[in-house]
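Student: Have a look at the structure that comes next, please.
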Amino acid sequence: MKSILTILSTRVLASLHAIGAEGDPLIRPSTDDKFGDYQSNCAMGLAKKLGQKPRDLAARIVEHLDVDDICDKVEIAGPGFLNFHLKPPFLAKCLQDIPALPQDAEADRLGIAPATPTETVVVDMSSPNLAKEMHVGHLRSTVIGDAVARVLEFAGHEVIRENHVGDWGTQFGMLVAYLRRENPAIADHPESLVISDLESFYIAAKKRFDTDETFKTESRETVVALQQGDPQTRVIWQAFCQESLRHCHDIYDRLQVKLIDRGESFYTDKMESVVATLDAMREKDPQGFIRDSDGALCVFLDGFNTRDGEPLPLIVRKSDGGFNYATSDLATILHRVESLKATRIIYVVGIPQKQHFAMVFSAVRKLGWAGPDISLEHLGFGSMLSKTGQPFKTRVGGTVKLKDLLNEAVARARSVLTQTTPEDQPQNRSAMTSDQADAIAETIGLAAVKYFDLSHALSSDYKFDLDMMVSMEGNTAPYMLYAYARIRSIGRKADVDWSSLPTDVPIILEHPTEMALAKKVLQFAEVYDLLVRDLRLNVLTDYLYELAKTFSRFYDKKHGVRIIDAPEESVRLSRLRLCDVTARTLKLGLHLLGIETVEQM
RNA sequence: ACGCCGGUAGCUCAGUUGGAUAGAGCAUCGGAUUUCUAAUCCGACGGUCGUGGGUUCGAGUCCCGCCCGGCGUACCA
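Heads up: the first sequence at position 96 corresponds to 285 in the numbering used here, and the numbers run straight through without jumps.
Written out as structure tokens, the structure is:
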């Protein structure tokens, strides 16, 4: 299904060609109802380029415009805006063209075609350090990365969600050494390892490391053993990593996020070869952009300076011979390009690392490891702050575990659910058992956290406010889920089976709220186009909120229309169809954001 | 010092290559309820878009200066 905006763009473009002009038709939804449904802003800019009067050019565009099948009228307004007033029958036809709900409801595309051609995209996301428990700092990358992956998957691309976990480095020597001390039998039964609290395990190990010289030495020896591939050490290390990953996947499962775990350790040999290659280049050309500096192997790139104004290098081998994250990022890019055949790599990592990625990308380009046909993108996001705008910490200044945060959100959702279902008015609500309420609260609570995050512009910091996100009012997940649940409730009450609702009934758009809802539903296609182009997820949340609000008006007893007891059967069917496409749009939109719906609340 | 990001209503935030009178939610105030789930809807109030210049038919958006805040600036990731 093409968006109305796309159709109008095509028509205006054709008209521009007819009068020998070239340019973007600049079609946008009208800023005000009195300016019609869509407007074109292209005449003013074009007129200037052509040395004509804007209104004259606008008139010529209209003269050559063929939109009789779409519009009632096209007006020229102000300095040269074109205002398009859509034909209700055209909108009705567009709605009727939305295919029926497929057998597999999960496969519902609302008539939106996949992209052509498709490509292989790597989304680098989440990436916690396995030494510790996942904390709130991993929330945004996980939630945003998942939504981006879902959007691109829906567009038809092959998406590989890479969880580049930290499972390598000196701290793992310490943890393995500590594990061996605390649990000497671990090497014989690695699969039985259970660490209930990773965080306190790490803290205990660290304390020992700082206070016990013997243990410190032991830890260092363990790191060496690990790096040399000592089988017994590796078994324990692997047991630890797997246990830590189990903790992570408890959270991923809960969030319904699917990931491929590929940790640092996977790249150890690849990092060796990256450094060997660069070192060889350095030897061949000692005065080139790859040089030794203070004992470190460095790649020097234009445009990056230290605070003293000296050239700032990308260090790929530290002076102690060790590797750092630049080394591993170079190795991952090679792997993703050469082995995974990715043509687009998206890093969902916080904005503070912007410079790092700029340097890595610059190095990769300069080295020729990724040509112009490969897109490297850092999708940076802002920080999550506390409600007061301070860094997000516990009262004692520690990091907040992601698990605790999610539990808190679900508990709040549960209490909102209880509060809004007063015992003395049970008839106001669908009957709900305590278990059902728990399950619904789980969905709402997680939805609230995700939706609140995604409804902010990616690059801005936001203040984490539980009260706000679980509220039924405003641009929140509960409001959205409620709108969806209400529609489903209408279906139950009207005793209709949505999947067998006849799709060949005429759609009647007479009431203003019917028109408004029809337009809003059809707008999904253009919002989706924008979303795929820019990956600006809040564009979708804003749209879904508008859609939910538009539905609430349509459904409102005073300003809206009757549905189940509509005056005529044809009208009833038409309105039920509107309900259906609204619900499906809400469901699909939320699904693309990684948010599940509930059938009742 | 340099670089990046931000400063929009009392609060939280939108604002798509520059477009018409800068939007929404919360809060406050007023209205609608014998309910197809009022968990909602309608209305009102609320702005020198940090600041001073510039570019032009038109600037929250682009350019320059300044103020304020955050982050980054060689071997932590």
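Virtual Cβ for every residue (Gly too), placed ideally from N, Cα, C.
Quantities reported herein were computed from a predicted structural model and do not represent experimental measurements.
Are L706 and T739 closer than 9 Å when you measure CB to CB?
Tutor: Cβ distance < 9 Å, so L706 and T739 count as in contact.
Student: Please determine, among I196, L486, S229, K238, the residue with the shortest C-alpha to C-alpha distance to G209.
Tutor: Closest by alpha carbon: K238.
Student: Please list the terminal residues of the continuous alpha helix (DSSP H) segment that includes T632.
Tutor: Where T632 is concerned, the enclosing alpha helix (DSSP H) stretches over 623 to 643.
Student: For K709, count the other beta carbons within 10 Å of its own beta carbon; 16 or more makes it buried, fewer makes it exposed. Which is it?
Tutor: It counts as buried.
Student: Is the closest heavy atom of the ligand SAM to the C-beta of T730 under 8 Å?
Tutor: This structure simply doesn't include the ligand SAM, nor any ligand for that matter.
Student: For the segment 720 to 751, which segments carrying the alpha helix (DSSP H) assignment without a break, of at least 4 residues, lie completely within its bounds, in sequence order?
Tutor: The segment 720 to 751 contains these whole alpha helix (DSSP H) runs: 726 to 744.
Student: Return the CA-CA distance between I375 and K447, expressed in angstroms with no decimal places.
Tutor: Cα-Cα distance, rounded: 30 Å.
Student: With three or more beta-carbon pairs closer than 8 Å as the criterion, would you say the segment 279 to 292 touches the segment 684 to 703?
Tutor: Output reads yes: the segment 684 to 703 touches the segment 279 to 292.
Student: Between which residues of its own chain and D213 is the CB-CB distance below 7 Å, once the five residues before and five after are set aside?
Tutor: Result list for D213: C231, in chain order.
Student: Go through its chain and collect everything with a Cβ distance to I196's Cβ below 8 Å, but skip five positions before and after it.
Tutor: Around I196: I259.
Student: Is V712 buried or exposed, if buried means 16 or more other CB atoms sit within 10 Å of its CB?
Tutor: With the sequence shown as reference, residue 712 is identified as Gln, and Val is not the correct amino acid for it. Per the 10 Å Cβ criterion, buried.
Student: According to the neighbour-count rule (16 or more other Cβ atoms, all chains shown, within 10 Å of its Cβ), is Q608 buried or exposed?
Tutor: Its Cβ having fewer than 16 others within 10 Å, Q608 is exposed.
Student: For the beta strand (DSSP E) that N352 lies in, which residues bound it at each end?
Tutor: Element bounds for N352: 347 to 352.
Student: Rounded to whole angstroms, what is the Cα-Cα separation between H206 and P243?
Tutor: Going from the Cα of H206 to the Cα of P243 covers about 17 Å.
Student: Which value, in whole angstroms, describes the spacing of the CA atoms of L319 and L368?
Tutor: Distance between the alpha carbons of L319 and L368: 14 Å.
Student: To the nearest angstrom, how far is it from the Cα of S688 to the Cα of Q292?
Tutor: S688 and Q292: Cα-Cα distance of roughly 8 Å.
Student: Might you give, ordered along the chain, the residues of its own chain that have their beta carbon closer than 7 Å to the beta carbon of T774, omitting 5 neighbours on each side?
Tutor: Once the five neighbours on either side are set aside, the close Cβ partners of T774 are L299, V710, F713, L736.
Student: What is the residue span of the alpha helix (DSSP H) that G544 lies within?
Tutor: The residue asked about is misnamed: residue 544 is Gln in this sequence, not Gly. Its alpha helix (DSSP H) spans residues 543 to 556.
Student: Using CA coordinates, which residue listed in H378, T622, M460, L503 is at the minimum distance from R480?
Tutor: With distances taken between Cα atoms, R480 lies closest to L503.
Student: Give me the residue from L556, A672, L364 with the minimum Cα distance to M470.
Tutor: Considering only alpha carbons, the answer is L556.
Student: As a quick exercise: from S508, V605, A552, D497, pick the residue whose alpha carbon is nearest that of L523.
Tutor: Looking at the Cα atoms, A552 is the closest of the given residues.
Student: Is the beta carbon of V638 less than 9 Å from the beta carbon of L765?
Tutor: No.
Student: In this structure, does DSSP put F713 in helix, strand or coil?
Tutor: F713: helix per DSSP, three-state reduction.
Student: Beta strand (DSSP E) containing L501: first to last residue?
Tutor: Residues 500 to 506.
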